[in-house]
Amino acid sequence: MNPTFFDREWNLPELLDAAALERIGPALAQMLGGNVAIFAADGAVLWGQAEPEARREALVLELEAIGFLSSSTADPFALHGARHLLQTLLGAESRYKMASSLHLEATAEDYQALQRGHARLLESEARYKALAESLEEKVAEQVDLLDRRQNQLFQAAKLASVGQLAAGVAHEINNPLGFIRSNLGTLGNYVHRLQQYRVSLDSCPPSWSTLDLDFALRDATDILKECETGIVRIASIVRDLKFFSSVDRAEEEVVDLNESLRQAFSILQGQLPPGIQIRLVLLPLPTLRCQCGHLNQAFLGILRNGIQAIVDAKRPGEVVIRSEADDECVTLRFQDNGVGMTPEEVQRVFEPFYTTREIGVGTGLGLSSARSAVLAHRGNIFVTSQPDGGATVTITLPLS
């Protein structure tokens with residue numbers, strides 16, 4: 001509270017304004033029966049007319065004269081009584097003004113206190129709102145993290161099942177492949193012996209010509225060569241299949257990703273539709289420690305997506321695989337000239353089960369699985385595309 005209100009020295013014009021003077025002046029004149037004048041402390045006339053011979057009474061407030069009451073016709077005792085009455089009114093007016101000022105100050109302080117309290121409430125509400133929003137964001141992040149982890153577990157289980165199936169198939173093919181190759185080698189040795197026997201004969205019995213055994217020997221040699229070529233091709237497929245079936249291996253291996261890309265190319269080469277080809281543009285890469293089975297499956301999924309995009313475009317095309325490296329990471333790019341995607345579709349390509357193709361044509365897990373595999377290796381994967389302008393999938397994997 002302001003202490004100046006208690007020490008305030010009021011002057012007469014402050015206590016008696018024009019309206020008060022118009023009410024008090026005539027009443028005093030009637031009371032005193034004639035001439036009455038009210039002066040300020042500096043002698044200025046506030047009401048009435050000043051007469052030199054008029055008697056004056058000082059109006060004292062708080063032991064100080066703040067004005068005068070004068071009359072030339074009033075009885076001294078009456079003038080003294082009127083002065084005392086006016087002085088009492090002035091004291092009451094000064095106290096009223098002080099109380100009014102104190103009330104205004106208290107009201108203002110209360111209002112300011114309310115404003116400060118309201119500001120604190122708003123600040124507290126803002127803090128709680130920010131905290132609620134932060135908690136909501138954290139809950140959403142945790143839900144998203146759980147969804148990603150669940151999807152990664154699902155993909156890992158799926159890849160492990162595919163890997164076990166591929167390993168079993170490769171093993172079942174590899175066993176008969178071994179004795180077929182051995183038997184073909186033995187059979188080739190037998191044909192070679194027959195050829196040597198034919199050369200040693202001066203003349204052949206009639207039945208030799210009748211049975212056309214010369215042709216049979218030549219044709220058998222060609223057949224054995226074709227069988228050997230097929231065996232080599234089957235062995236290569238089995239080797240690639242066993243390489244790509246390593247998704248169930250938890251341990252990491254040191255691999256050359258160029259070799260993984262070549263094997264992916266080898267697996268898909270025989271499945272390419274007419275008018276579509278895969279082209280390799282591979283620069284030398286440093287070896288990388290990774291779970292190669294997971295990355296191999298990611299490469300196959302990306303390549304199949306690119307091939308299908310060209311098929312959907314209904315025109316000849318190619319998928320170009322590029323590899324390069326710097327001091328920090330390996331960069332792989334898979335570029336196709338297929339149908340491409342809209343910006344809205346690009347934003348959703350990594351969502352599980354999202355596909356731009358008809359129901360039954362795609363599962364929507366190719367790029368989602370690829371993303372999980374790349375992120376598991378602390379890498380990055382992103383897609384750029386334009387409608388009818390093809391798409392490019394870029395993968396970066398840190399060397400350290």
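According to the working numbering, the sequence shown is numbered sequentially starting from 1.
Ideal Cβ placement from N, Cα and C applies to all residues, glycine included.
Scanning its chain for C-beta atoms nearer than 6 Å, with the 5 sequence neighbours on each side dropped, one finds no residue around residue 129. Under the DSSP assignment, residue 296 falls outside any beta strand (DSSP E), being part of the alpha helix (DSSP H) whose first and last residues are 292–313. The DSSP-derived three-state label of residue 92 is helix. Within the segment 68–131, complete alpha helix (DSSP H) segments of at least 4 residues are not found at all.
Just so you know, the alpha carbons of residue 134 and residue 146 end up roughly 18 Å apart.
Taking the CA atoms as reference points, residue 261 sits about 20 Å from residue 328. Cβ-Cβ separation between residue 385 and residue 301: approximately 16 Å, too far for a contact (criterion under 8 Å). Two segments are said to touch when three or more pairs of C-beta atoms, one from each, lie closer than 8 Å; by this definition the segment 219–233 does not touch the segment 252–260.
When the Cα atoms are used, residue 181 and residue 271 turn out to be separated by approximately 25 Å. Between residue 59 and residue 124, the alpha-carbon positions lie close to 57 Å from each other. In this model, residue 210 and residue 197 are separated by some 18 Å (Cα to Cα). Between the segment 318–325 and the segment 271–289 there are three or more inter-stretch CB-CB distances shorter than 8 Å, so the stretches are counted as touching.
According to the DSSP assignment, residue 346 belongs to no beta strand (DSSP E) but to the alpha helix (DSSP H) extending over 343–347.
For residue 398, the enclosing beta strand (DSSP E) starts and ends at 391–398.
DSSP places residue 222 within a helical segment (H, G or I) once states are collapsed to three.
Counting only residues of its own chain and dropping the five nearest sequence neighbours on each side, residue 93 has a CB closer than 7 Å to the CB of 15.
Under the DSSP assignment, residue 25 falls in the alpha helix (DSSP H) whose first and last residues are 18–32. When the alpha-carbon of residue 367 is set against those of 395, 342, 388, 378, the nearest one is in 395. Counting along the chain, residue 14 sits inside the alpha helix (DSSP H) bounded by residues 12–15. Residue 383 has its alpha-carbon roughly 5 Å from the corresponding atom of residue 393.
In the assembly as shown, residue 122 is an exposed residue. Its beta-carbon has fewer than 16 other beta-carbons within 10 Å. With contact defined as three or more Cβ pairs closer than 8 Å, the segment 77–92 and the segment 102–117 are not in contact. Per DSSP, the beta-bridge partners of residue 322 are 281, 333. Around the beta carbon of residue 183, a 10 Å sphere encloses fewer than 16 other beta carbons of the protein chains shown; the residue is thus reported as exposed. In this structure, DSSP gives residue 229 a helical state, which the three-state scheme calls helix.
Beta-carbon to beta-carbon, residue 309 and residue 339 are separated by about 5 Å, close enough to satisfy the 8 Å threshold. Here DSSP, grouped into helix, strand and coil, assigns residue 265 to helix. Between the C-alpha atoms of residue 294 and residue 228 there is a straight-line separation of about 32 Å. Assignment of residue 44 by DSSP, reduced to helix, strand and coil, places it in the coil class.
In the three-state reduction of the DSSP assignment, residue 371 falls in the helix class.
Around the Cβ of residue 70, a 10 Å sphere holds 16 or more other Cβ atoms; the residue is buried. Close CB contacts of residue 380 within its chain, under the 6 Å cut and outside five residues either way in sequence, are with 396 (chain order). For residue 59, the uninterrupted beta strand (DSSP E) run begins and ends at 55–61, by DSSP. Scanning its chain for C-beta atoms nearer than 8 Å, with the 5 sequence neighbours on each side dropped, one finds around residue 318 the residues 276, 277, 278, 279, 310, 336, 337, in chain order. Burial of residue 48 is indicated by the presence of at least 16 other C-beta atoms within 10 angstroms of its C-beta. From the listed residues 190, 226, 66, the smallest Cα separation to residue 9 is found for 66.
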